[in-house]
Amino acid sequence: ETTCSGGVIANISIASGSSSGTFRWKDTTAAVRTLTGTDNAALLVAGALAVTVGPDRLDLAGSSPIRSGDCTAYTITSRDAALNATNALSNITVDLTDTTATGAYYATADTTCAGAPITQVVLASGASAVTVYYKDDVKEAVTLTVADNNAAYLTGDTLNVAVGPRTINITGTTPIRAGECTLYTATAKDQAGNTAAVLVNTQVNFTDATATGEFYAAADTTCSGGAISNISIASGSSSGTFRWKDTTAAT
């Protein structure tokens, strides 16, 4: 029963003339257990074996969505089959990969992602978690993967991360005449400078440095309606338009 998927047993038989018999044992929870074998006829002294049960998988957790260019923390946790956080029984070398050429992982202490990228991290013996940082300058969907370098030991994990835009750029005509109703565009950009669709409906709030300037809806071509203080860029879109008018000459 190599998979321990059949019925459980409570004993085995060692045949006359033999000196041993084999069996399998499984526990889904990490712990130190004592396995005991007792002669049913009470002729032989009982035997015992202490067995340490450790983790069987790695779990990757962290934020999604994130802004492009942000240095974001992700946690790798060793867990048992019951999903309890479980201390590693020895140092575990964890391989770090993603699905893009523009993203990179960074060391536990590199909270600004300013150092050299890494492709592995060690989850230390006696610990159950280690933190790494990840940054991608491009708006895209990526899959982060953690895998035990000793592939026969722990099962790895993946995490889908949506990387979104980072900045709002305002573009339009300058200079303009005082009193003109001028159209401007607010565009979402990623850290690499690419136009990037927002991942959720995004409200863009407006301010200016004058008491005489006002913002207006894009459809208000004469700036004669009510002033506005924001517009919304719809999820999946990268820009929105508005109008602005100032009756006083200024910069």
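Quick note: the sequence shown uses my numbering, first residue 1130, plus one each step.
Beta carbons are placed, not taken as given, at the ideal position from N, Cα and C, and that holds for glycine.
Item, Value
"Tell me the rounded alpha-carbon separation between Leu1178 and Lys1155.", "14 angstroms"
"Sort out for me which residues DSSP pairs Arg1186 with in a bridge.", "Arg1208, Thr1284"
"Got a sec? Which residues, its chain only, sit under 8 angstroms from Gly1354 by beta carbon, not counting five neighbours each side?", "Tyr1345, Ala1346"
"Can you find the residues in the same chain that come closer than 7 angstroms, C-beta to C-beta, to Thr1228, ignoring five residues on each side of it along the sequence?", "Val1271, Thr1272"
"Phe1152: buried (16+ other C-beta within 10 angstroms of its C-beta) or exposed?", "exposed"
"Between which two residues does the beta strand (DSSP E) holding Val1137 run?", "Looking at the DSSP string, Val1137 is not in any beta strand (DSSP E), and its letter there is neither H nor E."
"Which residues does DSSP list as the beta-bridge partners of Gln1249?", "Asp1224"
"Given 8 angstroms as the limit, is there contact between the region 1248-1257 and the region 1216-1223, that is, 3 or more CB pairs closer than that?", "yes"
"State buried or exposed for Cys1089, treating a residue as buried only when at least 16 other CB atoms are found within 10 Å of its CB.", "Past the boundaries of the shown model lies residue 1089; the chain is included only from 1130 to 1380, so the question cannot be answered."
"Could you tell me the boundaries of the beta strand (DSSP E) in which Trp1373 lies?", "1368-1375"
"Which whole-angstrom value is the C-beta distance of Asp1209 and Thr1284, which I expect to be below 8 angstroms?", "Not confirmed; about 11 angstroms, so no contact."
"In chain order, which continuous runs of the beta strand (DSSP E) of length 3 or greater are located wholly inside the region 1307-1371?", "1311-1318, 1331-1334, 1342-1346, 1359-1362"
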